[in-house]
Structure formats: structure tokens, C-alpha cells
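Going by numbering that gives the first Met the number 0, the sequence shown opens with residue 0, and the numbers climb by one from there.
Note that beta-carbon positions come from the ideal geometry of N, C-alpha and C, so glycine has one too.
All values derive from a computational prediction rather than experimental measurement.
Right, one structure below, let's go through it.
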Amino acid sequence: MKKSIYCDNAATTKISDLVLSSMMPFLKEEFGNASSLYKKGRNAKRAIELSREKISNILNTSHPREIFFTSGGSESDNWAIKGICNLMKTKNKKHIITSAFEHHAVLHTVQKFERDGFEVTYLDVHRDGLVRVDELEKAIRDDTALVTIMYANNEIGTIQPIEEIGKICRKNKVLFHTDAVQAAKSIRFDLKNRDIDLLSLSAHKINGPKGIGLLYIKQNIEIENLIEGGTQERNKRAGTENVANIVGFSVALEECQKNIEEKNKKVEALRERFLQKALKIDKTILNGSREKRLPGNVNMCFNGIEGEALLLRLDNVGIAASSGSACTSGSLEPSHVLLSLGLTHEVAHGSLRLTFSEDNTEEDVDYILEHLVRVVSELREMSPIWS
């Protein structure tokens, strides 16, 4: 019997009932502009500031004013890099350190600065998908403007040594930004006691609405404004606030961080149940460290097949999966993340990413395995490069 199984939670998540119900009043009755002085406007403004305070408490920041709302993770990444580097170049600091497998919101932004005369160091992530802190420290220079390294990779799920990276940056008096978009559903944050200067989050990865994110900016850090034209977000990002989405974001973050250890344990058990059988398929590899990865992430390559054909056949039996980042799904090139691990183009083309959530079940895992084994075998029989 054909099922409908969603296993692409790294691309986006289903909005929760609690989040949706929290948003509805601000889409209907309390629809006021937060800049207006009358009651509906004041109610909207109060909802924004209460949401900012709630998020600040969850992330354990020093003050709610360190939270700035954006349209999502890509905007937050862009603002962090452009806002810092445009100011730092006036101080003759024109060197950026990042990793070879960042999200394209980071990579394309630092490449823009590279074209404009900055030097960029791309740290190797090695076969296990992890940067080495000693290599980072060696790369820091007197003119380093920013280090930007993601908390957890969006394709292979490996979790970087963020605490150690932050300490090295603090010791060397270099600003540190981390894209934590994929990490929020599985990791508790303690920004007051971490050496992180800027951090990006997005609501739709944690069962919140699309089109809302945030950039955490530690107090006293100078950053260029993102959008001119109004006083919103402490004069740094002009534009009428998306009140309903901001409220939904705060509820989603609160909900996803509740009982996080228990949920992680369940999801990791599903992942391990899958891997125990999937890794027995001939010429199959797991990409990235098995231990230092997000609990629900599986990223594998199957020699001799095309990932796109695999995805379409799984979709035919009701399984929603991906081969990598949703932001590059239209590209014919293999994943830059997988290539950064040292995989060949041929192997990287045969990739599959599954990202489980607490809504998945053991029955889901067994159904996916049943069809995966069959589909891989059928595709290899048809492949001219498989022997």
C-alpha cells in the first residue's frame, strides 16, 4: 500500500497547530501596523516585543535588543557578512575565513567580497565533514574581518566545534558569525555564555512559518544597516514588521526547544534503525561523521545511480526526500558539500538526503528501506556505469 512519508525536514517543516493558532489573531483581528499609535498598532508592537523577549530568553542572550527580525536565514547570513565586512574594510581588514561547504547564502556573499578585493580562506572540512580548530587558528591574520562557519551543515548534518571556534576567535579578537539555521531544532543555545558574535536562524526549519528569521547581534557590535527608510528594528532594517510571523517564530522556537533531548533520542533511534540496513547495500557510503551529526540527518551516496532518478522513484511510492540543499535543487552540478568531502562527481551524483523528525515512525523507516533497496537495485541494473 502506497503511503505518504515526509523525510525532508532539512528543506522545510510542517507548521505546527500551536504556531498557526498563535498567528491567527494577528492576521485577522489584531492586524494593526506596529508603527501606528492607536490601540491596534500598540497591540502589534507589544506582540513583537514580547516575542523578541521570549526568543531572547530561549537563546539566553544578554538582552532582547540583540535580536533583529529578518525574512529568513539567507537574509540574516547576508546581513551578517555584508554588514560587518563593509565596515571592516574601512579599517583595512579585508580577509574572511569560512568553510568549503557553507550554505550558498554565505558562500556567494563572501565570493562577492572576494571579487571586490577581499581575500577569503576556505577551510577544509575533511572526509568527516568537520573543520579543524588548529587550521582555523593558523588561518587567522591581523587583517581578518570575520570568521563565518555554520553550526550544522544543511546537507550532511555534521555539527561543527562551535564552542572551540568561538574561543579561538575571541582570543584573536576576530568577530565570529555562525549560520545556525539547521541546528535550532536539535541544539540548545546559550548565547550569553558562548563566544558567538552573530547568529542566523529561520522559523520554517523548526515548524514555524516561512518568511521570517532573525540575526542575533551581540551588544556593542557595530554593523551596517540592512535596509534604510524607517525606524523599525532599531533603525537597522526598515519596513513594516510581519507581526503574525514574528509571533509564530517565537512560539515555534519555544515549542521545538521543549523536551529537546527526548525528541533527539527518538529521532536518532530512527536514523540508526535506517542506517543499520541501508549501509548493507553494496557500494554505499555515509557522508560525514556518524557521531557528530544532527540526530535526524542521513546523507548517503549509492555508486552507479543518479540521485534524481532515485528521488523520483521514491516519490512514486510516496516518499519525500532530497539529494541535498533545496536552494540548489535546480542545478545539474553535484553538491558542493559532497565535493568538499573529496567525493568524485560520479559518486556525488548518486546522493540521497533523508531528514527524519519526531513525527516519523519505525514503520516509516521500514517502508523507506523496503523501497530503497528495491529502487537502488533496479536503477543499477539499468545503469551503463554499474558492474
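In this structure the stretch 243-253 touches the stretch 14-31; the number of beta carbon pairs closer than 8 angstroms is three or more. The C-beta distance from N8 to T354 rounds to 4 angstroms, short enough to fall under 8 angstroms. The residues E223, in chain order, have a CB closer than 8 angstroms to that of N85 in the same chain once the five nearest residues on each side in sequence are set aside. Q256 is the residue among Q256, L122, K2, E29 whose C-alpha sits nearest the C-alpha of K184.
Listed as beta-bridge partners of N91 by DSSP are no residues whatsoever. Just measuring C-alpha positions, the residue of C168, L213, K191, K166 sitting nearest A179 is L213. The way I'd put it, the stretch 49-69 does touch the stretch 187-196; three or more beta-carbon pairs between them come closer than 8 angstroms.
The alpha-carbon separation between A243 and E65 amounts to approximately 20 angstroms. Ranking L269, L351, K170 by CA distance to the CA of E305 puts L351 first. Boundaries of the alpha helix (DSSP H) around A347: 344-347. Under the three-pair Cβ rule at 8 angstroms, the stretch 194-202 counts as touching the stretch 74-81. For V250, there is no enclosing beta strand (DSSP E); the residue is part of the alpha helix (DSSP H) that begins and ends at 242-256.
Scanning the stretch 103-169 for uninterrupted beta strand (DSSP E) segments of 3 residues or longer gives 118-122, 143-147, listed from N- to C-terminal end. Taking 9 angstroms as the cut-off, the Cβ atoms of A43 and F25 count as close. In the DSSP annotation of this structure, R352 is not part of any alpha helix (DSSP H); the continuous beta strand (DSSP E) holding it starts and ends at 350-354. Look at the beta carbons and you see the stretch 30-45 not touching the stretch 168-182: under three pairs across the two are nearer than 8 angstroms. Residue pairing by DSSP puts V297 in a beta bridge opposite L353.
Distances from the alpha-carbon of K39 to those of E28, V364, E48 put E28 closest.
Apart from the 5 residues on each side of it in sequence, G156 sits with its Cβ closer than 6 angstroms to the Cβ of R292, L293, N296 in its chain, given in chain order. Collapsing the DSSP output to three states places L278 in coil. Distance from the CA atom of W385 to the CA atom of V336, rounded to whole angstroms, is 24 angstroms. In the three-state reduction of the DSSP assignment, Y215 falls in the strand class, which pools E and B. Burial state of E271 is exposed, judged by a 10 Å Cβ sphere holding fewer than 16 other Cβ atoms.
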